[in-house]
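In full-length UniProt numbering, the protein residues as written are 1 to 104.
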């Protein structure tokens, strides 16, 4: 399903768009709306981590091709450091790059 759509259904649901996709690389973007914020009016951490996870998955799917459909992958570990808050109207861009394709 992801290969046909470009991104997972949840990523589509939050409004993210694939800007660029090539083997082992993906760039996604999202213009923040009120629904993407936390009670303080800044971007909810779950939004950026969803974008990060999606960029990882899409770039890996682009590299693996049809094998990604037969043998799906999942994120095992991901870390994020938050430096500043983004607000509605801000455009968020994330990039995913496959540096090394392992066996597991």
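C-beta atoms are modelled at their ideal positions from N, C-alpha and C, and glycine is treated no differently.
| Asked | Found |
| --- | --- |
| Outcome for residue 76 when other beta-carbon atoms lying within 10 angstroms are tallied against a minimum of 16 | exposed |
| Residue 52 beta carbon less than 8 Å from that of residue 74 | no |
| 8 Å Cβ cutoff met for residue 24 and residue 62 | yes |
| Spatially closest choice to residue 100 from 8, 27, 56, 43, by CA coordinates | 56 |
| Rounded separation between residue 94 and residue 33 - CA only | 17 Å |
| Cα-Cα separation between residue 37 and residue 59, rounded to whole angstroms | 26 Å |
| Residue range of the beta strand (DSSP E) that includes residue 46 | Run containing residue 46: none in the beta strand (DSSP E); it sits in the alpha helix (DSSP H), 45-64. |
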